[in-house]
Amino acid sequence: MAKLFNKMNTDLVPSPTIYSGVKESPWTFLAFLGAIAALTLSALQTYYTIHQPK
């Protein structure tokens, strides 16, 4: 049983350098802005669904 858990534990933590190319991409900032815009619009839609103008 210990061998099974030791074998499972070897690849749980990925290499930190795998995503280094993604973090340096020029599209990262635009994707971040798009995510912020989507969250803001979703929050506004939820607010106006609950508090409908009369």
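Numbering (the UniProt record's numbering), first residue to last: 1 to 54.
Just so it is clear, CB atoms sit at the ideal spot from N, CA and C, and this is done for glycine as well.
Tell me the rounded alpha-carbon separation between residue i and residue j.
i, j, result
"Pro26", "Tyr47", "33 Å"
"Leu30", "Phe5", "41 Å"
"Ile50", "Thr28", "33 Å"
"Met8", "Thr40", "41 Å"
"Ile18", "Glu24", "12 Å"
"Ala2", "Ser42", "48 Å"
Reducing DSSP to helix, strand and coil, say where residue i ends up.
i, result
"Met1", "coil"
"Ser15", "coil"
"residue 72", "The question about residue 72 has no answer, for the chain in this structure spans 1 to 54."
"Gln45", "helix"
"Lys7", "helix"
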